[in-house]
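The block underneath contains the structure these notes are about, expressed in structure tokens.
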Amino acid sequence: MAYRFGVQLSPSADDLSGIRELARLADREGLDLLGVQDHPYAGGLADTFSVIATLLADTTRIRIFPDVASLPLRGPGVIAKAAATLDLLSGGRFELGLGAGGYRQAITAFGGPDRTAGQNQVALEEAVEIIRALWRPDGSVRVTGEHYSMAGVHGGPAPAHPIGIWFGSVGPRALAQTGRLADGWAAPIPHYLPYEKWRESQEIIDTAAIEAGRRPSDITRIAQLVGHITDAPGEVVLKGEAPIRATAAQWAEVIAHLAGDVGFDSFVYWPENADAAQLTAWVREVVPAARVLLGKG
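Just so you know, we're using full-length UniProt numbering here: the sequence shown kicks off at 1 and counts up by one.
Structural data, given as structure tokens:
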């Protein structure tokens with residue numbers, strides 16, 4: 001199996017130059033993925049898609065994705081157009097992390113629709129149909145839905161490569177929807193989905209994929225890991241939302257466990273303190289040690 005490693009950076013408006021420096025470092029050091037949070041209603045955060053466009057221009061090989069895009073505040077048509085454009089501009093290095101809509105109160109306060117969790121799932125399914133149709137420039141898009149509809153809109157442009165749509169789903173129904181529809185699962189950080197629920201969540205996705213006639217192995221599984229790489233060993237207990245504060249060797253063991261026992265193939269580091277030292281430790285110490293262990297599996 002080809003394992004992938006990445007990092008998440010918050011688009012803090014007061015440190016945009018620092019984010020660009022870290023993205024260039026991640027690219028030079030050979031990381032595969034870079035995620036950027038999307039919370040348009042947060043006053044301290046810059047616009048995620050604008051940041052991603054700049055980071056794609058700053059880099060040459062790393063794949064960048066919104067982690068995850070807020071569907072209710074962006075809409076499927078705009079998301080599809082932006083995603084295809086970013087992919088074309090970067091030579092096929094954009095992927096689409098997509099969320100049905102967390103933070104209901106914040107979304108409505110920002111002018112978005114007020115939807116229940118069930119309505120968000122329906123809207124997400126409609127949005128995916130529209131997005132994928134808009135990426136096919138050979139016809140018109142006609143979708144009639146409860147939340148999103150299009151009436152004869154011309155498709156296009158086509159992205160430079162088949163963009164993956166990775167859901168950031170949490171509950172059982174949303175996880176089953178991931179198995180039926182999505183190209184990947186960007187597992188929410190443990191604050192939203194505790195570590196002890198990750199294996200069960202994988203099984204829900206697998207079952208739904210099989211029932212839909214899909215191969216579970218075709219669905220990317222991204223573990224998002226919050227913590228800090230330390231010099232001294234720490235106590236590592238994957239429970240609740242406790243950050244992982246451990247040495248590079250311990251981090252490698254966590255990754256090997258999540259790959260072999262829980263079914264993840266990609267690992268995105270959410271550093272508690274995002275700086276060059278932590279990113280370098282992740283790339284030069286954790287990732288090589290993890291690859292050694294994964295190669296023995």
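Note that the Cβ used here is the ideal one computed from N, Cα and C, for glycine as well.
Can you tell which of the options has its C-alpha closest to the C-alpha of residue i?
i           : options                            : result
Ala-127     : Asp-138, Arg-142, Val-236          : Arg-142
Thr-220     : Gly-263, Glu-235, Leu-31           : Gly-263
Ala-82      : Glu-146, Asp-27, Ala-160, His-191  : Ala-160
Leu-279     : Val-51, Asp-58, Gly-164, Thr-230   : Thr-230
His-191     : Leu-33, Trp-270, Leu-258, Pro-172  : Trp-270
residue 322 : Leu-134, Glu-272, Ile-222, Ala-176 : Any question about residue 322 goes unanswered here, given that the chain covers just 1 to 297.
Ala-242     : His-257, Pro-288, Ile-189          : Ile-189
Glu-29      : Ile-19, Thr-108, Gly-6, Asp-265    : Gly-6
Ala-42      : Val-283, Arg-132, Ile-107          : Ile-107
Leu-175     : Leu-258, His-257, Trp-198          : Trp-198
Gly-156     : Glu-211, Ile-131, His-147, Ile-165 : Ile-131
Ser-149     : Ile-165, Glu-129, Gln-119          : Glu-129
Leu-31      : Ser-266, Ala-256, Lys-296          : Ser-266
Ile-222     : Ala-232, Gly-295, Ala-259, Ala-80  : Ala-259
Ile-165     : Gln-105, Ala-80, Pro-233, Arg-104  : Ala-80
Roughly how many angstroms separate the alpha carbons of residue i and residue j, rounded to a whole number?
i       : j       : result
Ala-53  : Leu-181 : 26 Å
Ser-70  : Leu-124 : 10 Å
Met-1   : Pro-194 : 26 Å
Leu-293 : Leu-22  : 27 Å
Ala-248 : Asp-261 : 20 Å
His-228 : Asp-275 : 11 Å
Gly-44  : Gly-213 : 43 Å
Arg-20  : Ala-151 : 40 Å
Glu-146 : His-154 : 21 Å
Ala-289 : Arg-4   : 14 Å
Arg-291 : Thr-144 : 47 Å
Ser-140 : Gly-101 : 27 Å
Val-286 : Gly-184 : 24 Å
Using a Cβ-Cβ cutoff of less than 8 Å, which residues in the same chain neighbour residue i once the five nearest sequence positions on both sides are dropped?
i       : result
Asp-67  : Gln-8, Gly-35, Val-36, Gln-37, Asp-38, Gly-97, Gly-168, Ala-186, Gln-224, Val-268
Gln-177 : Gln-121, Leu-124, Glu-125, Phe-167, Ser-169, Ala-208
Phe-94  : Ile-52, Leu-56, Arg-63, Ile-64, Phe-65, Ala-83, Leu-86, Asp-87, Pro-159, Ile-163
Lys-239 : Pro-194, Tyr-195, Glu-196
Asp-58  : Arg-20, Ala-23, Arg-24, Asp-27
Ala-109 : Tyr-41
For the alpha helix (DSSP H) that residue i lies in, which residues bound it at each end?
i       : result
Phe-110 : No alpha helix (DSSP H) holds Phe-110; DSSP gives it neither H nor E.
Leu-73  : 71 to 74
Ile-204 : 198 to 211
Arg-291 : 287 to 296
Phe-49  : 48 to 58
Leu-25  : 16 to 28
Pro-172 : 172 to 181
Val-122 : 117 to 134
Trp-282 : No alpha helix (DSSP H) holds Trp-282; DSSP gives it neither H nor E.
Excluding the five sequence neighbours on either side, which residues of its own chain have a C-beta within less than 7 Å of the C-beta of residue i, listed in chain order?
i       : result
Val-236 : Ile-244, Ala-246, Gln-250, Val-254
Trp-282 : Val-7, Ile-229, Tyr-269
Gly-99  : Val-68, Ala-69, Ser-70, Leu-71, Gly-168
Arg-173 : Gln-121
Pro-137 : Gly-155, Gly-156, Pro-157, Ala-158
Ala-61  : First, the residue type needs correcting, since residue 61 is Arg and not Ala in the sequence shown. Excluding positions up to five away in sequence, the list reads Asp-27.
Asn-273 : His-228
Just curious, the beta strand (DSSP E) that residue i is in, first and last residue?
i       : result
Ile-163 : No beta strand (DSSP E) contains Ile-163, which DSSP labels as neither H nor E.
Trp-270 : 266 to 271
Pro-216 : Per DSSP, Pro-216 belongs to no beta strand (DSSP E) and is neither H nor E.
His-154 : 150 to 154
Val-143 : 140 to 143
Gln-250 : It is not in any beta strand (DSSP E) - Gln-250 instead sits in the alpha helix (DSSP H) that spans 248 to 260.
Leu-4   : The sequence given here has Arg at residue 4, not Leu. First-last of the beta strand (DSSP E) with Arg-4: 4 to 9.
With a CB to CB cut of under 6 Å and the five nearest residues on each side skipped, what residues in its chain are close to residue i?
i       : result
Phe-49  : Ala-82
Val-226 : Ile-189, Pro-243, Trp-270
Asp-206 : Pro-216
Gly-179 : Ile-205, Ala-208, Ala-209
Pro-76  : Ala-127, Ile-130, Ile-131, Tyr-148
Gln-119 : none
Exercise. Touching or not, the stretch 80 to 91 and the stretch 108 to 116, by the rule of three or more beta carbon pairs under 8 Å?
Worked result: no
Exercise. Counting Cβ pairs closer than 8 Å, one from the stretch 197 to 206 and one from the stretch 8 to 24, do we hit at least three?
Worked result: no
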